[in-house]
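Written out as structure tokens, the structure reads:
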């Protein structure tokens, strides 16, 4: 599949990479819309925090698409469902999560990969931060829900 791979500051390359393989609990989504936000621009122009993004990586984090494959044990979402997910998911178990401060989770995971044909969504992200897109909402509108939140 084609993907925009980020290698460093102002170093974005279009490459051919394998379609990700899903494992238990994971979901593979065909990207229908991907948007660019201020965070993407800052990372591209000025750099990144290694806790949030590991290079090289498929760039972009605002997306919407259609589920094309589910890993073992996934009951929701179903194949063919229109979905989007935020780019982070708290663990729900650490000290900060127990205080309800999910944005300060000590074990936060991050999801990059919107600038590709497919994105593999980790199991925790599927459970904590994936939503079905209503039929009256376009893929483009759904991809913009992350910055609107």
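Residue numbers (the numbering used here): 378 to 526.
The beta-carbon is built from N, C-alpha and C at its ideal position, and this holds for glycine as well.
All of these numbers come straight from a predicted model, not from anything done at the bench.
- According to the DSSP assignment, residue 522 belongs to no beta strand (DSSP E) but to the alpha helix (DSSP H) extending over 522 to 525.
- For residue 487 against residue 464, the beta-carbon gap comes to about 6 Å, under 8 Å, which counts as contact.
- Using a Cβ-Cβ distance cut-off of 8 Å, the stretch 441 to 459 and the stretch 425 to 433 are not in contact, since fewer than three pairs of beta carbons, one from each stretch, lie closer than that value.
- According to the DSSP assignment, residue 505 belongs to the alpha helix (DSSP H) that extends over 500 to 506.
- Under the three-state reduction of DSSP, residue 394 is assigned to coil, being neither helix nor strand.
- Of the residues assessed, residue 477 falls on the exposed side of the cut-off, its CB having fewer than 16 other CB atoms within 10 angstroms.
- Comparing alpha-carbon positions, the option among 432, 400, 396, 407 lying closest to residue 386 turns out to be 432.
- Taking the Cα positions, residue 405 is about 19 Å away from residue 517.
- Within a 10 Å sphere around the beta-carbon of residue 383 sit 16 or more other beta-carbons, which makes this residue buried.
- Residue range 472 to 475 is occupied by the alpha helix (DSSP H) that includes residue 473.
- Secondary-structure assignment with DSSP links residue 442 through a beta bridge to 408, 460.
- Of the residues 502, 446, 445, 381, the one whose Cα lies closest to the Cα of residue 466 is 502.
- Within the same chain, Cβ atoms closer than 6 Å to the Cβ of residue 442 are found at 406, 407, 408, 409, the five residues on either side in sequence being excluded.
- Taking residue 473 as the centre and dropping the five residues before and after it, the same chain places the C-beta of 481, 482, 483 closer than 7 Å to its C-beta, in chain order.
- Rounded to whole angstroms, the gap between the alpha carbons of residue 397 and residue 475 is 33 Å.
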